[in-house]
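Chains as they are written, first to last, in my numbering: chain A, 1 to 285; chain B, 1 to 217.
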Amino acid sequence: MRLNGMRFYRVSVVAGLVLVAQLFCASASAQTLRLATTTSTDNSGLLEFLLPGFERQCGCRVDVIAVGTGKALRLGENGDVDVLLVHDPLREKAFVEAGHGRYRRYVMYNDFVLLGPAEDPAGVRKSRNAAAAFSAIAGARAVFVSRGDESGTHAKEKSMWRAASVAPGGDWYRETGQGMGATIQVADQMRGYTLADRGTFLAMRDKLGLQILLSGDPRLHNPYGVIPVLNKAISQQGATLAQSFAAWITGADAQSRIASFKKYGQVLFHPAGGKGLPPRADDDS
Amino acid sequence: MNAFFSAETLQICFVSLKTSAAAIVAASALGIPVALWSSGHDFAGRGALVTAFNTLTALPSVFVGVLLYSLLSRSAPLGSLELLYTWPAMSLGQTILAFPLIVSLSVAALNRTDVRLRKEMIALGVGRWHMGWILVKEARFGVLAAVVAAFGRVFTEVGSALMLGGNIRHATRTMTTTIAMETSKGNFELGLGLGFLLLGVALAINIGFHRLQEAKT
């Protein structure tokens with residue numbers, strides 16, 4: 001009994017010391033840059049592929065928080081992250097204009113695709129463009145699964161319903177409130193339609209019955225921008241790192257790395273070279 | 001993470017373990033004295049206090065997450081602590097989740113000890129802390145069961161860990177947040193595998209607790 005008591009005591013002391021040491025590590029860690037980004041850039045593996053290059057250059061660590069664009073912008077507004085990599089040009093513009101961001105640089109683009117079951121009950125394949133496809137879905141009251149989470153993809157979807165002059169609602173319109181991967185899976189199970197970024201779809205394609213039924217409409221352009229956050233709660237170090245990150249990811253090295261990133265033999269993101277706003281930033285106007 | 005058998009899986013286990021262990025140590029250190037105090041003597045509102053702790057055992061972890069986020073955000077009162085998106089922030093959330101459970105179950109265990117023991121110790125003039133220690137030893141099965149239950153709750157929760165830790169790779173990615181992430185990516189096999197691993201780790205820890213209960217008899 002005494003032996004066990006002593007052993008327990010020793011184990012507790014060692015465990016306690018480890019925890020205290022860990023606490024100090026957490027507070028005295030090396031320089032870190034906090035990046036809020038969308039699930040699409042993280043889940044596709046792009047950041048895992050790109051970031052070590054920047055981490056070597058800056059001698060820092062990049063902490064990635066992968067959330068929807070809406071939440072990422074909110075985290076930026078509260079000063080909880082130093083830099084954003086997101087995809088909703090209209091809200092990004094508003095974010096910078098409201099004084100929350102230093103500037104916005106155009107990093108890369110890919111496109112959204114309209115996914116649906118092979119039997120295509122709404123006849124989306126025959127639509128002449130994306131707006132017509134969305135009104136066909138509403139007309140047929142075919143199941144459409146929406147992100148419903150204020151993400152960049154959700155914003156694009158809402159702008160497509162506006163383009164189709166449809167106010168979606170009713171039992172055919174299902175909102176998941178979840179990320180892209182989860183939403184695609186729900187659509188797959190329900191044999192419904194959904195709007196997805198091409199990268200996430202390609203990464204999951206092998207596990208899905210859904211197919212790309214429509215793509216290539218210029219309205220389905222999906223531009224990603226980088227914004228160093230402007231907030232007095234952010235440390236000088238974080239602000240400096242954020243700006244060097246924005247310069248780095250729009251620079252020649254990272255841009256050619258982006259162009260070389262492939263999945264299933266397909267390029268997922270196309271470099272955009274750090275220009276201001278993408279050509280079709282305001283397809284609502 | 002791409003593979004189940006990798007150094008990263010081990011690291012994720014370690015993050016989960018250290019976060020929950022710190023939370024359980026803190027919640028026990030705070031909760032057991034509170035339980036001793038509120039089971040020891042009668043005072044006005046004692047019933048209400050115990051009911052309050054019983055109710056708080058149902059505290060939703062996502063609510064604790066958003067509550068602490070609103071305090072720890074850089075633009076919030078405690079923002080200067082720079083705790084958000086670190087493992088101590090997750091630990092803090094789990095401490096809040098574990099505390100009422102430890103109090104509530106320990107009170108129940110301590111109430112089952114013989115009243116005469118307390119009276120005798122008071123008559124003998126035993127010091128308050130010494131008396132507490134003897135009572136906890138007397139009720140050790142129930143108190144350890146409270147600690148085990150609280151560990152089970154925090155080790156498997158995902159809501160507050162996701163919100164306060166941010167699921168940052170190599171830093172705050174825990175077993176539960178990894179399961180949530182891999183499942184959302186459609187990697188169900190990996191999610192299932194990690195779920196069984198989590199159960200295995202919980203089993204190992206419970207065997208440890210059980211031996212501790214046996215050892216002290």
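Note that CB positions come from ideal geometry on N, CA and C, so glycine has one too.
Straight-line gap, residue i to residue j (C-alpha atoms, nearest Å)
i, j, result
"M131 of chain B", "R118 of chain B", "8 Å"
"D80 of chain A", "S73 of chain B", "6 Å"
"A76 of chain B", "G125 of chain B", "48 Å"
"Q11 of chain B", "L85 of chain A", "27 Å"
"Q94 of chain B", "R116 of chain B", "36 Å"
"E92 of chain A", "L30 of chain B", "45 Å"
"A58 of chain B", "A52 of chain B", "10 Å"
"P117 of chain A", "E48 of chain A", "31 Å"
"L203 of chain B", "F14 of chain B", "16 Å"
"G152 of chain A", "S106 of chain B", "48 Å"
"H154 of chain A", "L213 of chain A", "19 Å"
"K158 of chain A", "P100 of chain B", "44 Å"
"R141 of chain A", "E182 of chain B", "32 Å"
"D42 of chain B", "L17 of chain A", "38 Å"
"S260 of chain A", "P52 of chain A", "15 Å"
"G200 of chain B", "F201 of chain A", "33 Å"
"G127 of chain B", "V143 of chain B", "21 Å"
"S215 of chain A", "Q185 of chain A", "19 Å"
"A291 of chain A", "L268 of chain A", "The structure shown does not extend to residue 291 of chain A, since chain A spans only 1 to 285, so no value can be given for it."
"V158 of chain B", "T176 of chain B", "5 Å"
"F144 of chain A", "L210 of chain A", "12 Å"
Beta-carbon separation (whole angstroms), residue i vs residue j, contact threshold 8 Å
i, j, result
"G76 of chain A", "F95 of chain A", "7 Å"
"V62 of chain B", "S160 of chain B", "7 Å"
"A133 of chain A", "L114 of chain A", "6 Å"
"L164 of chain B", "Y69 of chain B", "7 Å"
"L35 of chain A", "V83 of chain A", "5 Å"
Any chain B beta carbon closer than 7 Å to residue i
i, result
"Q236 of chain A", "no"
"M204 of chain A", "yes"
"G181 of chain A", "yes"
"K262 of chain A", "no"
"A28 of chain A", "Low confidence applies to A28 of chain A: its pLDDT is 49, below 50, so where it sits in the model is not reliable, and the reading given next is rough at best. No, its Cβ sits nowhere closer than 7 Å to a Cβ of chain B."
"N78 of chain A", "yes"
"N43 of chain A", "yes"
"A233 of chain A", "yes"
"K207 of chain A", "yes"
"D288 of chain A", "In the structure as shown, chain A begins at 1 and stops at 285. Residue 288 of chain A is therefore absent and cannot be evaluated."
"Q185 of chain A", "yes"
"G169 of chain A", "no"
Beta-carbon proximity of residue i to residue j, cut-off 7 Å
i, j, result
"L50 of chain A", "R257 of chain A", "yes"
"G191 of chain B", "M204 of chain A", "no"
"N222 of chain A", "Y103 of chain A", "no"
"D111 of chain A", "L220 of chain A", "yes"
"A146 of chain B", "I102 of chain B", "yes"
"V166 of chain A", "A138 of chain A", "yes"
"A35 of chain B", "L135 of chain B", "no"
"V62 of chain A", "L33 of chain A", "yes"
"R105 of chain A", "A246 of chain A", "yes"
"S40 of chain A", "M180 of chain A", "yes"
"S218 of chain B", "F155 of chain B", "A question about residue 218 of chain B goes unanswered here, because the residues of chain B that appear run from 1 up to 217."
"I24 of chain B", "F188 of chain B", "no"
Residue i, DSSP secondary structure in three states
i, result
"Y100 of chain A", "Note that residue 100 of chain A corresponds to His in the displayed sequence, not to Tyr. Coil."
"T183 of chain A", "helix"
"P89 of chain A", "helix"
"F54 of chain A", "helix"
"R46 of chain B", "helix"
"D206 of chain A", "helix"
"A28 of chain A", "Residue placement at A28 of chain A cannot be trusted, given a pLDDT of 49 that sits under 50; what the coordinates show is reported in the next sentence. Note: A28 of chain A maps to coil in three-state DSSP."
"A161 of chain B", "helix"
"T194 of chain A", "strand"
"Q266 of chain A", "strand"
"E48 of chain A", "helix"
"G116 of chain A", "strand"
"P33 of chain B", "helix"
"Y85 of chain B", "coil"
"I227 of chain A", "strand"
"E189 of chain B", "helix"
"D217 of chain A", "coil"
Short CB-CB distance (under 7 Å) between residue i and chain A
i, result
"K185 of chain B", "yes"
"L84 of chain B", "yes"
"R74 of chain B", "yes"
"I179 of chain B", "no"
"I168 of chain B", "yes"
"G79 of chain B", "yes"
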